[in-house]
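Numbering (the numbering used here), first residue to last: 86 to 385.
Beta carbons are placed, not taken as given, at the ideal position from N, Cα and C, and that holds for glycine.
To keep things clear, I will list the structure first and then write my remarks on it.
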Amino acid sequence: MTLRRFLVSLAIVLVIILAVVIWVIPSDEDFRVENTFWNGASRLSVSQAVTPLETLADLSEMTEGATLMLIPYMQLTPSELEDVTRFVSGGGTLVLADDYGYGNQVLSSLGIEARFSGQALLDPLFNYKNEQLPRVFHFSPGAVTDGVNSLVLNHATCLTDVGAGEILAMSSSFSFIDINNNRQWDEDEPAGAMPVISGHSLAGGRVILVSDPSIFINSMDSLDDNYSAIENIAGISSSQLYLDQSHLPHSDLHYTKNLLADVRSVLTTPVGTLALVAVLLILILRPIWPRKGGGIGDQE
86 MTLRRFLVSL
96 AIVLVIILAV
106 VIWVIPSDED
116 FRVENTFWNG
126 ASRLSVSQAV
136 TPLETLADLS
146 EMTEGATLML
156 IPYMQLTPSE
166 LEDVTRFVSG
176 GGTLVLADDY
186 GYGNQVLSSL
196 GIEARFSGQA
206 LLDPLFNYKN
216 EQLPRVFHFS
226 PGAVTDGVNS
236 LVLNHATCLT
246 DVGAGEILAM
256 SSSFSFIDIN
266 NNRQWDEDEP
276 AGAMPVISGH
286 SLAGGRVILV
296 SDPSIFINSM
306 DSLDDNYSAI
316 ENIAGISSSQ
326 LYLDQSHLPH
336 SDLHYTKNLL
346 ADVRSVLTTP
356 VGTLALVAVL
366 LILILRPIWP
376 RKGGGIGDQE
């Protein structure tokens, strides 16, 4: 075997090994159902049978009464906003969980006046470990809050412009909005009970706003009554529960895994399988292929 053939063979083997390693490495991206680490939502996917969505275009295929969990850390396109609006108008339930993302873009498209503040909600008195993990004790009766006496939030924000009849949960009267991020209350900063969960009727469907998507991750769902709230949200409708993953933060690992998945899907087609077999045969038989002026097995 010549040096050139050896290097080509070595490169192919290394590419295959690298692809396998990348494929088996678990995801570590926030809120993704395949992420089993502290910041993932693998427990949510198992306990509530959540189906992940990789594109909002699939909303048109959902059965009536389905529930969609949307965590918009990436901006939605106009067509995606239309997909969400049609989903809600068709009788779907949208659980919009946001803190510092693009939730207000969705609310504006839906025509809902409420907004996510986008500024940190702190509570120096009622909290879990520190003021950035505020505890919530004030709830209005409803399907989302049934059996919930306490929630723990994680770097949450609050809701603004919410009607009194739409509020489902509020922070304590000792909480405040930390505008300048110094983790201390200043005189010009809003203080008092702030809405953190609200419910809104819209056309034929409904919208639930949650000002902290972190309650759904593996490290938070077991704190206080967070899991009860998750169960209530999952049980809002008797139909399927979906989690949009197309607007979650994406890493290079995610894009590479998607590329490998696309390659695998192509190779599993009849044409792709035949092409792969042909390439493998060429690579295997090339060393013994008859050369011009010589027979099989002739050496260079």
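8 Å Cβ cutoff met for residue i and residue j
i: S225; j: L192; result: no
i: A319; j: I300; result: no
i: N303; j: S127; result: yes
i: V135; j: L328; result: yes
i: F222; j: S296; result: no
i: V118; j: S130; result: yes
i: N234; j: L218; result: no
i: L326; j: T152; result: yes
i: V173; j: L155; result: no
i: P280; j: M255; result: yes
i: H335; j: E167; result: no
Beta bridge counterpart(s) of residue i as assigned by DSSP
i: R220; result: V237
i: P280; result: M255
i: V292; result: L179, H285
i: T439; result: The shown model of the chain, from 86 to 385, leaves out residue 439, and the question about it has no answer.
i: Y187; result: None; Y187 has no bridge partner.
i: P137; result: L328
i: I34; result: Lying before the first or after the last residue shown, residue 34 is absent from the chain, which here runs from 86 to 385.
i: L244; result: F201
i: M213; result: Rather than Met, the amino acid found at residue 213 in this sequence is Tyr. Per DSSP, N215.
Residue i versus residue j - alpha carbon distance
i: F122; j: L88; result: 44 Å
i: Q160; j: L366; result: 47 Å
i: L236; j: F261; result: 17 Å
i: H285; j: S307; result: 27 Å
i: L144; j: V356; result: 31 Å
i: R171; j: T162; result: 14 Å
i: E385; j: L95; result: For E385, the predicted model reports a pLDDT of 45, less than 50, meaning its position is unreliable and no value from the coordinates is stated.
i: G382; j: L99; result: For G382, the predicted structure reports a pLDDT of 49, less than 50, and the residue's modelled location is therefore unreliable. A value from the coordinates is still provided. Distance between the alpha carbons of G382 and L99 is about 27 Å.
i: A205; j: I97; result: 50 Å
i: P137; j: S258; result: 37 Å
i: L294; j: S283; result: 5 Å
i: D309; j: L361; result: 53 Å
i: A199; j: G290; result: 17 Å
i: N212; j: Y158; result: 25 Å
i: I321; j: D184; result: 22 Å
i: S164; j: L92; result: 48 Å
i: G188; j: V292; result: 12 Å
i: L103; j: V364; result: 19 Å
i: K214; j: R220; result: 10 Å
i: Q190; j: N120; result: 27 Å
i: E316; j: D271; result: 37 Å
i: F116; j: G250; result: 30 Å
i: T242; j: G203; result: 6 Å
i: G175; j: N124; result: 32 Å
i: A142; j: L359; result: 32 Å
i: I197; j: G248; result: 11 Å
i: T353; j: V169; result: 33 Å
i: I101; j: G186; result: 38 Å
i: E216; j: D246; result: 24 Å
i: P298; j: L244; result: 13 Å
Contact belief for residue i with residue j at Cβ below 8 Å, rounded distance in angstroms
i: L210; j: R268; result: About 14 Å; that fails the 8 Å criterion.
i: T140; j: S324; result: Not confirmed; about 19 Å, so no contact.
Query - the region 172-183 / the region 349-358 touching (three or more Cβ pairs under 8 Å) - result: no
Requested in this report: Indicate whether the contact test is met: 3 or more Cβ pairs, each with one atom in the region 226-240 and one in the region 266-276, closer than 8 Å.
Outcome: no
Query raised in the report: Should the region 263-270 be called in touch with the region 148-160, which here means at least 3 C-beta pairs below 8 Å?
Result: no
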